[in-house]
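So the structure is just underneath, and the comments pick up after that.
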Amino acid sequence: MSDGASGVRRLARLTLRTCARGLAIAVLSVVPGIPLFFVSLVSLPLLAVGVGVVPVPMSLLGVRRRASQQRRFALEWSGVSIATPYRPRPDEVSNGLIGRLQRCKWLLTDPATWRDLLWTLVNAPVGIALGALPAFGVVAGAVGLLSGVWLHPGHLGELPLFLGLLLVGVLAGPLVLKTYAQFSALLLAPTREEMAASLDRLNESRSQVVDASAAELRRIERDLHDGAQARLVSLGMSIGLAEQVVRDNPDLALKLLAEARASSGQALSDLRHLIRGIHPPVLAERGLDGAVRALAVSLPLPVELRIELEGRPPAPVESAAYFAIAEVLANVVKHSAARSAWVQLAYEPGRLVAIVGDDGTGGAIPRAGGGLRGIERRVAAFDGLIAVTSPVGGPTVVTMELPCALSLART
Amino acid sequence: MRVVLGEDLTLLRDGLIRLLTAYDMEVVEAVDNGPELLRALVTHRPDVAVVDVRLPPTFTDEGLNAAIEARSQVPGLPVLVLSQHVEPLYARELLSGGIGGLGYLLKDRVSDVRRFIEAVRIVAGGGTAMDPEVISLLMARRARDEPLRRLTPREREVLALMAEGRTNAGIATRLVVTEKAVSKHINNIFNKLDLYPGGDDNRRVLAVLAYLNA
Numbered sequence: 003m004s005d006g007a008s009g010v011r012r013l014a015r016l017t018l019r020t021c022a023r024g025l026a027i028a029v030l031s032v033v034p035g036i037p038l039f040f041v042s043l044v045s046l047p048l049l050a051v052g053v054g055v056v057p058v059p060m061s062l063l064g065v066r067r068r069a070s071q072q073r074r075f076a077l078e079w080s081g082v083s084i085a086t087p088y089r090p091r092p093d094e095v096s097n098g099l100i101g102r103l104q105r106c107k108w109l110l111t112d113p114a115t116w117r118d119l120l121w122t123l124v125n126a127p128v129g130i131a132l133g134a135l136p137a138f139g140v141v142a143g144a145v146g147l148l149s150g151v152w153l154h155p156g157h158l159g160e161l162p163l164f165l166g167l168l169l170v171g172v173l174a175g176p177l178v179l180k181t182y183a184q185f186s187a188l189l190l191a192p193t194r195e196e197m198a199a200s201l202d203r204l205n206e207s208r209s210q211v212v213d214a215s216a217a218e219l220r221r222i223e224r225d226l227h228d229g230a231q232a233r234l235v236s237l238g239m240s241i242g243l244a245e246q247v248v249r250d251n252p253d254l255a256l257k258l259l260a261e262a263r264a265s266s267g268q269a270l271s272d273l274r275h276l277i278r279g280i281h282p283p284v285l286a287e288r289g290l291d292g293a294v295r296a297l298a299v300s301l302p303l304p305v306e307l308r309i310e311l312e313g314r315p316p317a318p319v320e321s322a323a324y325f326a327i328a329e330v331l332a333n334v335v336k337h338s339a340a341r342s343a344w345v346q347l348a349y350e351p352g353r354l355v356a357i358v359g360d361d362g363t364g365g366a367i368p369r370a371g372g373g374l375r376g377i378e379r380r381v382a383a384f385d386g387l388i389a390v391t392s393p394v395g396g397p398t399v400v401t402m403e404l405p406c407a408l409s410l411a412r413t
Numbered sequence: 034m035r036v037v038l039g040e041d042l043t044l045l046r047d048g049l050i051r052l053l054t055a056y057d058m059e060v061v062e063a064v065d066n067g068p069e070l071l072r073a074l075v076t077h078r079p080d081v082a083v084v085d086v087r088l089p090p091t092f093t094d095e096g097l098n099a100a101i102e103a104r105s106q107v108p109g110l111p112v113l114v115l116s117q118h119v120e121p122l123y124a125r126e127l128l129s130g131g132i133g134g135l136g137y138l139l140k141d142r143v144s145d146v147r148r149f150i151e152a153v154r155i156v157a158g159g160g161t162a163m164d165p166e167v168i169s170l171l172m173a174r175r176a177r178d179e180p181l182r183r184l185t186p187r188e189r190e191v192l193a194l195m196a197e198g199r200t201n202a203g204i205a206t207r208l209v210v211t212e213k214a215v216s217k218h219i220n221n222i223f224n225k226l227d228l229y230p231g232g233d234d235n236r237r238v239l240a241v242l243a244y245l246n247a
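Line order of the protein sequences matches chains A and B.
Everything in the first sequence is counted per the working numbering, starting at 3 for the first residue and increasing by one.
Everything in the second sequence is counted per the working numbering, starting at 34 for the first residue and increasing by one.
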């Protein structure tokens, strides 16, 4: 008995949830859906007279947010996965008019923007109809049944109709929502070309990373070949010569040995610099926490540290984060005229977050071949993100996120 | 002179033993890992310890930690720390653990045998022997500070040599000037940096190091 009762309760709860979700869809299809559509429609012609650069990105991004919300609902409520079709935001978006124009161009040239817009229009009637259906079925069916049974016991002929409505509301509700999700996917999912383009982008960024590490290996090989290796050869030569002449010409032998010693010192110094570039020893010895502290101690300006790491990220992530932070701090010292800087390092579920800021003059822009662009590449190799805010006049804040897991702290 | 040695690479350990023995020092124990090193340092209480920063079992900074821990148990225990690389942070940690009888050198310096042995003796005598690279890193860190910018290039040179732990005579030889000229520079430095110029060579070295490390 209690099984039956709890089953009914569960069914009622599920039905209530489905109805609520359907109503949410219906309401959202109208507001903000319809205003967003019309604002976009009206502001687009304004682009011709130039005024449109302000409202167009705003309304189109609003449409985009609404569409993304529906993609999320489709996945969470009906298990229909709709991939994001948008092209990546362009680099070097500045804050002024040029930035706005760049943003307009980025939005308007993306076919997904236009399909989103079309979806917003078509979605209004479809969303209202399909969204309201489960709640309508449940309410109309229940009201009809109850009034039929209690108020007009004579007319039982209409009962099957109301029973049918109730059943549609209760049993077919989830199916209706799923149909709606599938309808949304028709316009909101990426087209085949867009999927191919995003795959191309992935391949490109991967091959950039592969190229960069191959170039790095070549540099290391060349440094070893021209540096330490050459010095060791000359060291061996000096010692060999000294061996030859030590009996006949002790003075020359002494001179050669001194040269050999100098050579060995130079070789060690070369190796030390090379190793520092590959993997700083202090990172191996102290982990990211200690290495960033060591970095801060060695800079000619005070660096305030807030480091909260309960464990250690995987070695490659540690190394990428270290070099990124080191590069940003080097930029601070070189370009910002800052009097002090700060580093915040924390682990949030699933990602390492590093934020570096200063009180300098700002105006930092990632340029091709520049340090910031190099960090972007390093961070992108781990699917990480970097954001730079650096208004002219300062301050500059660089935020980096690297997805990773944390291993338990070393005790 | 009794020496405890902490170095895990056999080649270097044997080389150092040979070197120290050749200069009439007695290596009472040579160990190859951090925990053993701490035990050896505390039980033998040697006249000086020569310690590699990176040691088993973790191959991180075991040696440095053992040296710092030993100096906290046996205050003033003379320790000369060797490493393939130098970090201002490590220098700071070593210096904050007690005054005098302290050295921090790149391993490269071992090849200049006479100066290396001199450094061992200075540390054993309660003095200081800092690697020129440590000092240049510490100076670079304060390069923007007003007091240091008031020094002349020559005075900065003298300051760096003093911070390495050299005596007035040593600085004079190095810069090819008279000892009198050196002490004049040193007076100027102490005036400009607002340091109290008291006492012997060693006290002055420590004052300078404390200043750079602040």
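Ideal Cβ placement from N, Cα and C applies to all residues, glycine included.
Coil, strand or helix - residue i by DSSP
i	result
Gly365/A	coil
Met3/A	With a pLDDT of 49 at Met3/A, under the threshold of 50, the modelled position of this residue cannot be trusted; read the value that follows with caution. Of the three classes helix, strand and coil, the one that applies to Met3/A here is coil, per DSSP.
Glu310/A	strand
Gly242/A	helix
Val355/A	strand
Gln117/B	coil
Gly52/A	coil
Leu110/B	coil
Ala298/A	helix
Tyr229/B	coil
Chain B residues whose Cβ lies nearer than 7 angstroms to that of residue i
i	result
Arg274/A	Gln117 and His118
Ala286/A	Thr93
Selection from the options that minimises the alpha carbon distance to residue i
i	options	result
Arg102/A	Leu119/A, Val58/A, Ile84/A and Gly133/A	Val58/A
Ala270/A	Leu234/A, Leu148/A and Leu153/A	At residue 270/A the sequence reads Leu, which differs from the Ala that was named. Of the listed residues, the one whose Cα sits closest to Leu270/A is Leu234/A.
Lys213/B	Gln117/B, Ala100/B and Thr200/B	Thr200/B
Gln72/A	Phe40/A, Leu99/A and Gly129/A	Gly129/A
Tyr349/A	Ala14/A, Met402/A, Thr17/A and Ala260/A	Met402/A
Val330/A	Glu378/A, Val248/A, Ala217/A and Glu287/A	Glu378/A
Asp57/B	Leu44/B, Val64/B and Val36/B	Val36/B
Gly35/A	Ala69/A, Arg353/A and Gly143/A	Ala69/A
Val238/B	Leu44/B, Ile204/B and Thr185/B	Ile204/B
Ala198/A	Pro87/A, Gly54/A and Gly364/A	Pro87/A
Gln117/B	His77/B, Val191/B and Leu139/B	Leu139/B
Phe2/A	Ser186/A, Phe138/A, Pro37/A and Leu188/A	What the structure shows of chain A is the stretch from 3 to 413, and residue 2/A is not part of that stretch, so it cannot be assessed.
Glu166/B	Val119/B, Ala63/B and Ala243/B	Val119/B
Nearest-angstrom Cβ-Cβ length linking residue i and residue j, presumed shorter than 8 angstroms
i	j	result
Ala322/A	Val381/A	6 angstroms
Leu387/A	Val319/A	With 8 angstroms as the limit, Leu387/A and Val319/A do not qualify as a contact, their Cβ atoms being about 13 angstroms apart.
Val345/A	Ala366/A	Not confirmed; about 16 angstroms, so no contact.
Ala114/A	Pro162/A	Actually they do not touch by this definition, with Cβ atoms about 46 angstroms apart.
Arg72/B	Glu287/A	Going by Cβ atoms, the distance from Arg72/B to Glu287/A rounds to 22 angstroms, so no, they are not a contact pair.
Arg91/A	Trp108/A	7 angstroms
Leu190/A	Trp79/A	Their Cβ separation, rounded to whole angstroms, is 14 angstroms, which puts Leu190/A and Trp79/A out of contact at 8 angstroms.
Val355/A	Ile327/A	Val355/A to Ile327/A, Cβ: 12 angstroms. No contact.
Ala230/A	Leu259/A	20 angstroms between Cβ atoms; not a contact.
Gly1/A	Thr17/A	Chain A is shown only over 3 to 413; residue 1/A falls outside these bounds and no answer can be derived.
Under 9 angstroms from the C-beta of residue i: neighbouring residues of chain B
i	result
Ser266/A	Asp141 and Ser144
Leu270/A	Gln117, Leu139, Lys140, Asp141 and Ser144
Pro252/A	Going along chain B, no residue has its Cβ under 9 angstroms from Pro252/A, so there is no contact; the nearest lies around 18 angstroms.
Residue i to residue j span [Cα, whole Å]
i	j	result
Ala340/A	Ala152/B	39 angstroms
Ala157/B	Gly134/B	6 angstroms
Thr413/A	Gly313/A	Because the pLDDT of Thr413/A is 38, which lies under 50, any placement of that residue in the model is unreliable, and the question is left without a value.
Ala183/A	Asp213/A	42 angstroms
Val146/B	Gly48/B	11 angstroms
Arg207/B	Asn66/B	37 angstroms
Arg177/B	Leu303/A	8 angstroms
Leu70/B	Leu42/B	14 angstroms
Ser169/B	Arg187/B	14 angstroms
Val299/A	Leu115/B	20 angstroms
Val55/A	Ala7/A	60 angstroms
Chain-ordered chain A contacts of residue i [CB-CB under 8 angstroms]
i	result
Pro121/B	Ala296, Val299 and Ser300
Arg125/B	Val299
Chain A residues whose Cβ lies nearer than 7 angstroms to that of residue i
i	result
Leu170/B	Ser300
Ala173/B	Pro302
Arg182/B	The premise fails here: Arg182/B is roughly 11 angstroms from chain A at the closest Cβ pair, so nothing lies under 7 angstroms.
Arg29/B	Past the boundaries of the shown model lies residue 29/B; chain B is included only from 34 to 247, so the question cannot be answered.
Contacts of residue i in chain B (Cβ-Cβ under 8 angstroms)
i	result
Leu303/A	Arg177
Leu256/A	Those do not exist, as Leu256/A stays about 13 angstroms from chain B at its closest Cβ, beyond 8 angstroms.
Arg263/A	Ser144 and Asp145
Pro316/A	Those within 8 angstroms of Pro316/A in chain B number zero; the least Cβ separation is about 17 angstroms.
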